[in-house]
Amino acid sequence: MSETQTSIPIGKLLRAENSRFVAGCRVRELETPALGALVKVKLEDQSEIYGLITRILINDDSLVRQLVSGVSIPTEYTADNRYNRNLPVEIHVLTVGYTQNGHISHRLPPRPPLSLDVLHLCNSDELCHFTSLNEQAYLRHILRLLDQPVEELLAAHLRQAKAAHDAANDVNWYSLACQKLITLLRDDYQRLTSVLDVLTDLERE
Amino acid sequence: MEDQTLSTQNPTIGYVISGGLEANLDVRLTVPPQEVQEGAFVVIDSNNWRFYGLVTDLRLTAIDEQYANQLNSQRFAPHLAEYLNKQTLFTDLAVMPVLMKDNGPEVDSPEYATWRHEHTDDPAPMPVKTIPNHHAPVKLADQTDIADIFGEENNKDIFRVGSTREQGHPVCLNLDKFVQRSSGIFGTTGSGKSFLARMILAGLIHADHASTLIFDMHNEYGPDTTSSDTGNSVFGLKGKFTNKVRLVGLGAGTKFGNMPSDFNLEISHSDITTEDVLQLTQILNLKETSATTLDKLENDFHDNWFNAFMQMNVGGVVENEDGKMEPAPDSVAFWARQAGIHPGAAEALRSKLGRLFNRPYLIDAPASNGLKAIITALQDKRHVVLSFGKYDSELDYLLVTNLITRKIRDAWEQSTEDFHSGRSKTEPRPLVVVVEEAHKLLNREMASQTIFSTIAREMRKYYVTLLIIDQRPSQIYDEVMSQLGTRISGSLGDEDDINAVLSGLPGRGGLRGMLSKLQPKEEVLMLGWGVPMPIPIRSRRYDQQFWIDLFGNEQKTKTKEGILKALGMDDDSD
Numbered sequence: 001m002s003e004t005q006t007s008i009p010i011g012k013l014l015r016a017e018n019s020r021f022v023a024g025c026r027v028r029e030l031e032t033p034a035l036g037a038l039v040k041v042k043l044e045d046q047s048e049i050y051g052l053i054t055r056i057l058i059n060d061d062s063l064v065r066q067l068v069s070g071v072s073i074p075t076e077y078t079a080d081n082r083y084n085r086n087l088p089v090e091i092h093v094l095t096v097g098y099t100q101n102g103h104i105s106h107r108l109p110p111r112p113p114l115s116l117d118v119l120h121l122c123n124s125d126e127l128c129h130f131t132s133l134n135e136q137a138y139l140r141h142i143l144r145l146l147d148q149p150v151e152e153l154l155a156a157h158l159r160q161a162k163a164a165h166d167a168a169n170d171v172n173w174y175s176l177a178c179q180k181l182i183t184l185l186r187d188d189y190q191r192l193t194s195v196l197d198v199l200t201d202l203e204r205e
Numbered sequence: 001m002e003d004q005t006l007s008t009q010n011p012t013i014g015y016v017i018s019g020g021l022e023a024n025l026d027v028r029l030t031v032p033p034q035e036v037q038e039g040a041f042v043v044i045d046s047n048n049w050r051f052y053g054l055v056t057d058l059r060l061t062a063i064d065e066q067y068a069n070q071l072n073s074q075r076f077a078p079h080l081a082e083y084l085n086k087q088t089l090f091t092d093l094a095v096m097p098v099l100m101k102d103n104g105p106e107v108d109s110p111e112y113a114t115w116r117h118e119h120t121d122d123p124a125p126m127p128v129k130t131i132p133n134h135h136a137p138v139k140l141a142d143q144t145d146i147a148d149i150f151g152e153e154n155n156k157d158i159f160r161v162g163s164t165r166e167q168g169h170p171v172c173l174n175l176d177k178f179v180q181r182s183s184g185i186f187g188t189t190g191s192g193k194s195f196l197a198r199m200i201l202a203g204l205i206h207a208d209h210a211s212t213l214i215f216d217m218h219n220e221y222g223p224d225t226t227s228s229d230t231g232n233s234v235f236g237l238k239g240k241f242t243n244k245v246r247l248v249g250l251g252a253g254t255k256f257g258n259m260p261s262d263f264n265l266e267i268s269h270s271d272i273t274t275e276d277v278l279q280l281t282q283i284l285n286l287k288e289t290s291a292t293t294l295d296k297l298e299n300d301f302h303d304n305w306f307n308a309f310m311q312m313n314v315g316g317v318v319e320n321e322d323g324k325m326e327p328a329p330d331s332v333a334f335w336a337r338q339a340g341i342h343p344g345a346a347e348a349l350r351s352k353l354g355r356l357f358n359r360p361y362l363i364d365a366p367a368s369n370g371l372k373a374i375i376t377a378l379q380d381k382r383h384v385v386l387s388f389g390k391y392d393s394e395l396d397y398l399l400v401t402n403l404i405t406r407k408i409r410d411a412w413e414q415s416t417e418d419f420h421s422g423r424s425k426t427e428p429r430p431l432v433v434v435v436e437e438a439h440k441l442l443n444r445e446m447a448s449q450t451i452f453s454t455i456a457r458e459m460r461k462y463y464v465t466l467l468i469i470d471q472r473p474s475q476i477y478d479e480v481m482s483q484l485g486t487r488i489s490g491s492l493g494d495e496d497d498i499n500a501v502l503s504g505l506p507g508r509g510g511l512r513g514m515l516s517k518l519q520p521k522e523e524v525l526m527l528g529w530g531v532p533m534p535i536p537i538r539s540r541r542y543d544q545q546f547w548i549d550l551f552g553n554e555q556k557t558k559t560k561e562g563i564l565k566a567l568g569m570d571d572d573s574d
């Protein structure tokens, strides 16, 4: 991995379970993470847990509710509330795999990461490597989300991953991923056609 | 056991997904449907067993009908639509399993020795009694598979009749088995059945395991002719098997173009029995009383009854001593009165038999005994093509075929009895009687009267079988059709004809569609007892190459004869 390809820390863990976890960050740190991005948490035993960002949540508090209900808000108040508040931005992550002894698996980790573990944004090399393995089995984790617009999440993730793979001259990756999604979803006509509609839109952009 | 370790060389075309013995096997196709046709011969390997089956239907299916109901290529990006179609839209084959074979464990496996000890005979295909596993791979049969089932061409009794439609592998017919039971060649006009019949007859004559008697109603089989479709010359059997084939013309003066007949058949009046006449009841419109009259004639005149009856006149009267008119002594009425028959009935019969009395080939004392010559030739391992020449009416055909065949039945029954009783050490020569326009002889009304239904039913044990050539199998009596061992059919359009060809066979539903879709002049369906499993084939061409292939090395060894023949000094080409 080149120096310019270093993983970028984007937050620290708030809470976690095996299948998903939530990290917090400051608004100033929010420029980097994006919906569908591949992230990882490095554990004390040097193993890593991978996930996809499924949701970025900005919670309210009593102060912001007072401000919102005011007639006008001075600019400095808005900036202060956004950048200096003590409430973190929540980054919700869907666990999609882990490493152990250098081996990447697309199954769920035996244990979740711990609070205050650092969340990193994976670089292009890591993204290409992780998404190429195991016949893209990790995509099945996305499809089990029920409280999310899965089509949009898939489109966001595939767009980023396709760009990384195209840049690495792996032009087949996207086709294989599309075929994998069709295999996983072909018994659910409504869901699959929705996903393909989104992917078609993505390709026509 | 050469094929023990040899798996079919062809690639997998699909896998078994469901089905059963009764309902056929469903096979999901993994190649484009255009690579497989209805009637394709496929093999399915499952554990140690190899199953042989026939594709009887192809169906478009979908994992969900909604995928099929919309045009995916219009809704989605082209490559997404392509992937989607590939994974959700399928073609399923209906495969009728017919045979199976226990190939045993792999030769190099520890179990092989035990299995081989228990199975000392080489494995042979047997009728299917079980089914392959789910997901067993399905392949198109390769040349070895087809040879395993249909035999390997040896230019003698294992005779190539065509090739598979997909890959052109040779498909053979076991002529020995073919002649063991009566057989049929069917097809509409223009379906190529005459060429097919010529080809199989050439194979039979070449193999020389049975004699053939061909009733050649349309002068197609003996002499060389010209194809009505292409205008090309078509070789006859006489020209190619000069010494083996006797060309016989009915009546004096019957010719075959430039080719002379070996002899002409004239039938003595004394050879005609009342049974022969009764078999013409329908065509001569004989009354119920005719049987009694004929019986009396035979009683009174014995073998000479036909001639005696012919000599009687109708209506002749003389004046008696009392001055009254009474029947003349040479009149029918005079004889009838003496015989106790109603004169009117006898005169009516005499009048109706007038059509026979004036047949020029029926004469009182022929110069030679043509009937005996035919039987002798057949017993002497020759083949006879009887051409009807200008006597091609239905009456001629029915009379002559019945009469000759009755003589044959008598001769072969006698030979068989002599052989079985030990009076003769020579086994009777198997004989195939070839009947064209068979429905005229074997329709529901005639079958009970003609000798042919007896042959189809019973003569197998007397070494005589029929080869029926017909375009309307539905007109042939069911009981005769059900006796046909091997059936080879070109395309048939009529539903009744298709049902008739398939009568008494398993898996009729799947074969029915196949028969109606055969390509005229090109394809035929072989089925029945004489072939291990039904199979549609592209029939072998009856052309110059056919004869080169048939004679092959034999002609090379006859260089001298060939040269002599070319010089017109010898005509022996068989």
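In order, the protein sequence lines correspond to chains A and B. Position one of the first sequence corresponds to residue 1 (the working numbering), numbered consecutively onward. Position one of the second sequence corresponds to residue 1 (the working numbering), numbered consecutively onward. Every residue, glycine too, gets a C-beta built ideally from N, C-alpha and C.
**OP:** Answer with yes or no whether the minimum CB distance from THR4 (chain A) to chain B is below 8 Å.
**Re:** Against the first sequence, residue 4 (chain A) aligns to sequence position 4. Here the model assigns THR4 (chain A) a pLDDT of 45, short of 50, so the residue's position is not dependable, and the following value carries that caveat. Contact of THR4 (chain A) with chain B is not assigned, every C-beta pair being separated by 8 Å or more.
Subject >> Inter-stretch contact at 8 Å, needing at least 3 Cβ pairs: the segment 163 to 174 of chain A / the segment 116 to 129 of chain A >> reply: yes
Original post:
When the Cα atoms are used, what is the spatial distance from PRO123 (chain B) to VAL464 (chain B)?
Top reply: Position 123 of the second sequence, counted from the start, is the residue given in the question as residue 123 (chain B). Position 464 of the second sequence, counted from the start, is the residue given in the question as residue 464 (chain B). Between PRO123 (chain B) and VAL464 (chain B), the C-alpha separation is close to 32 Å.
Original post:
From B:SER18, B:GLU35, B:ASN369, pick the residue whose C-alpha is nearest to that of THR12 (chain B); which is it?
Top reply: Residue numbering aside, residue 12 (chain B) sits at position 12 when the second sequence is read from its first letter. For the residues B:SER18, B:GLU35, B:ASN369, the minimum Cα distance to THR12 (chain B) belongs to B:GLU35.
**OP:** Establish whether the CB of THR183 (chain A) and some CB of chain B are separated by less than 8 Å.
**Re:** Walking along the first sequence from the start, residue 183 (chain A) turns up at place 183. Cβ-Cβ to chain B under 8 Å: yes for THR183 (chain A).
**OP:** Please determine if the segment 364 to 383 of chain B and the segment 339 to 347 of chain B are in contact, where contact requires at least 3 C-beta pairs separated by less than 8 Å.
**Re:** As far as the Cβ criterion goes, the segment 364 to 383 of chain B does not touch the segment 339 to 347 of chain B, which means the pair count is below three.
Original post:
Quick one: what does DSSP say MET100 (chain B) is sitting in, helix, strand or coil?
Top reply: Position 100 of the second sequence holds residue 100 (chain B). Three-state DSSP puts MET100 (chain B) in a strand.
**OP:** Starting from LEU52 (chain B), follow its DSSP beta bridges and name the residues at the other end.
**Re:** In the second sequence, residue 52 (chain B) corresponds to position 52, counting from 1. Here residue 52 (chain B) turns out to be Tyr, not Leu, going by the sequence shown. DSSP lists B:VAL43, B:LEU99 as partners of TYR52 (chain B).
**OP:** Kindly provide the ranges of any beta strand (DSSP E) runs that are 3 or more residues long and lie completely inside the segment 418 to 497 of chain B, ordered along the chain.
**Re:** 431 to 436, 464 to 470, 486 to 489
Original post:
Interface residues of chain A around GLN37 (chain B) at Cβ under 9 Å?
Top reply: Here residue 37 (chain B) refers to the residue found at position 37 when the second sequence is read from its first residue. Contacts between GLN37 (chain B) and chain A, judged by CB atoms closer than 9 Å, are missing: the closest CB pair is about 29 Å apart.
Original post:
For TYR83 (chain B), which residues in chain A fall below 7 Å Cβ to Cβ?
Top reply: Within the second sequence, numbered from 1, the residue matching residue 83 (chain B) stands at position 83. Ordered by position in chain A, the residues that pass the 7 Å Cβ test against TYR83 (chain B) are CYS178, GLN179, ILE182.
**OP:** Residues of the segment 447 to 470 of chain B with a CB closer than 9 Å to any CB of chain A: list them in chain order, please.
**Re:** Residues of the segment 447 to 470 of chain B with a C-beta less than 9 Å from any C-beta of chain A: none at all.
Original post:
Using the beta-carbon of each residue, which ones in chain B are nearer than 7 Å to ARG186 (chain A)?
Top reply: Taking the first sequence and counting its residues from 1, one reaches residue 186 (chain A) at position 186. Simply ILE63, GLN87, THR88.
Subject >> Proximity to LEU176 (chain A) [Cα-Cα], best of A:ASP187, A:SER69, A:LEU67, A:ALA161 >> reply: On the first sequence, position 176 is the one that residue 176 (chain A) refers to. Cα-wise, what sits closest to LEU176 (chain A) is A:ALA161.
Original post:
Using the beta-carbon count (16 or more within 10 Å), is ARG198 (chain B) buried or exposed?
Top reply: Residue mapping note: residue 198 (chain B) aligns to position 198 of the second sequence, counting from 1. It is buried - the Cβ of ARG198 (chain B) has at least 16 other Cβ atoms within 10 Å.
Original post:
How about TYR52 (chain B): is its C-beta nearer than 8 Å to some C-beta of chain A?
Top reply: Position 52 of the second sequence, counted from the start, is the residue given in the question as residue 52 (chain B). Between TYR52 (chain B) and chain A, the shortest Cβ-Cβ separation is not below 8 Å.
Original post:
Beta-carbon of LEU199 (chain A) versus every beta-carbon of chain B: anything under 8 Å?
Top reply: Position 199 of the first sequence holds residue 199 (chain A). Yes, LEU199 (chain A) lies at the interface with chain B (some Cβ there is under 8 Å from its Cβ).
Original post:
Taking the beta strand (DSSP E) that SER18 (chain B) falls in, what are its first and last residues?
Top reply: Mapped onto the second sequence, residue 18 (chain B) falls at position 18. Its beta strand (DSSP E) spans residues 12 to 20.
Subject >> Own chain residues within Cβ distance below 6 Å of GLY507 (chain B), not counting five before or after >> reply: Counted from its first residue, the second sequence places residue 507 (chain B) at position 507. Same-chain partners within the cutoff: MET96.
Original post:
Is CYS122 (chain A) helix, strand or coil by DSSP?
Top reply: The count along the first sequence starts at 1 and reaches residue 122 (chain A) at position 122. Coil at CYS122 (chain A), not helix or strand.
Original post:
Around the Cβ of THR226 (chain B), are there at least 16 other Cβ atoms within 10 angstroms (buried) or fewer (exposed)?
Top reply: Within the second sequence, residue 226 (chain B) is the residue found at index 226, counting from 1. Counting Cβ neighbours within 10 Å, THR226 (chain B) comes out exposed, since fewer than 16 surround it.
Original post:
With 16 as the cutoff for other CB atoms within 10 Å, does ASP571 (chain B) come out buried or exposed?
Top reply: Taking the second sequence and counting its residues from 1, one reaches residue 571 (chain B) at position 571. The predicted model places ASP571 (chain B) with a pLDDT of 46, which falls under 50 and marks its position as unreliable; any figure quoted below should be read in that light. With fewer than 16 other Cβ atoms within 10 Å, it is exposed.
Subject >> Any C-beta of chain A under 8 Å from that of HIS135 (chain B) >> reply: Position 135 of the second sequence, counted from the start, is the residue given in the question as residue 135 (chain B). Answer no: the Cβ-Cβ gap between HIS135 (chain B) and chain A never drops below 8 Å.
**OP:** Following the continuous alpha helix (DSSP H) through GLY203 (chain B), name the residue where it begins and the one where it ends.
**Re:** Along the second sequence, one-based indexing puts residue 203 (chain B) at 203. Judged by DSSP secondary structure, GLY203 (chain B) falls within the alpha helix (DSSP H) whose first and last residues are 193 to 207.
**OP:** Reducing DSSP to helix, strand and coil, say where ALA34 (chain A) ends up.
**Re:** Residue mapping note: residue 34 (chain A) aligns to position 34 of the first sequence, counting from 1. In the structure shown, ALA34 (chain A) sits in coil (DSSP, three-state: anything other than H, G, I, E or B).
**OP:** Report, in whole angstroms, the separation of the C-beta atoms of TYR174 (chain A) and GLY97 (chain A), which I expect to be a contact under 8 Å.
**Re:** For the purposes of this step, residue 174 (chain A) is taken as the residue at position 174 of the first sequence. For the purposes of this step, residue 97 (chain A) is taken as the residue at position 97 of the first sequence. At roughly 19 Å, the Cβ-Cβ gap does not stay under 8 Å, so TYR174 (chain A) and GLY97 (chain A) are not in contact.
Original post:
Using a beta-carbon distance cut-off of less than 9 Å, what residues from the segment 66 to 82 of chain B approach chain A?
Top reply: Within the segment 66 to 82 of chain B, the residues whose Cβ lies closer than 9 Å to some Cβ of chain A are GLN66, TYR67, GLN70, ASN72, ARG75, PHE76, ALA77, HIS79, LEU80, ALA81, listed in chain order.
Subject >> PHE256 (chain B) (DSSP reduced to helix, strand or coil) >> reply: Along the second sequence, one-based indexing puts residue 256 (chain B) at 256. It is a strand residue.
Original post:
Are the segment 527 to 534 of chain B and the segment 176 to 195 of chain B touching by the rule of at least three beta carbon pairs closer than 8 Å?
Top reply: yes
**OP:** For GLU203 (chain A), return the contacting residues in chain B, with the cut-off set at a CB-CB distance below 7 Å.
**Re:** Within the first sequence, numbered from 1, the residue matching residue 203 (chain A) stands at position 203. Those within 7 Å of GLU203 (chain A) in chain B are ALA77.
Original post:
Considering only residues of the segment 113 to 159 of chain A, which uninterrupted beta strand (DSSP E) runs meet the minimum length of 3 residues and lie entirely inside it, listed in chain order?
Top reply: Inside the segment 113 to 159 of chain A, DSSP marks whole beta strand (DSSP E) runs of 3 or more residues at positions 118 to 121, from first to last along the chain.
Original post:
How is the beta strand (DSSP E) around LYS139 (chain B) delimited, first residue to last?
Top reply: Mapped onto the second sequence, residue 139 (chain B) falls at position 139. 137 to 140 is the span of the beta strand (DSSP E), which, as asked, contains LYS139 (chain B).
Original post:
Where does HIS106 (chain A) fall in DSSP's three states?
Top reply: For the purposes of this step, residue 106 (chain A) is taken as the residue at position 106 of the first sequence. Of the three classes helix, strand and coil, the one that applies to HIS106 (chain A) here is coil, per DSSP.
Original post:
Which whole-angstrom value is the C-beta distance of GLY510 (chain B) and ALA94 (chain B), which I expect to be below 8 Å?
Top reply: The residue labelled residue 510 (chain B) in the question sits at position 510 within the second sequence. The residue labelled residue 94 (chain B) in the question sits at position 94 within the second sequence. Sure, about 7 Å apart at Cβ, within 8 Å.
Subject >> Residue span of the alpha helix (DSSP H) that contains SER177 (chain A), given as start and end >> reply: Along the first sequence, read from residue 1 onward, the residue named residue 177 (chain A) stands at position 177. Going by the sequence as given, residue 177 (chain A) is Ala instead of Ser. Segment 173 to 185, the alpha helix (DSSP H) holding ALA177 (chain A).
Original post:
Does DSSP put ASP80 (chain A) in a helix, a strand or coil?
Top reply: The sequence position of residue 80 (chain A) within the first sequence is 80, counting from 1. Of the three classes helix, strand and coil, the one that applies to ASP80 (chain A) here is helix, per DSSP.
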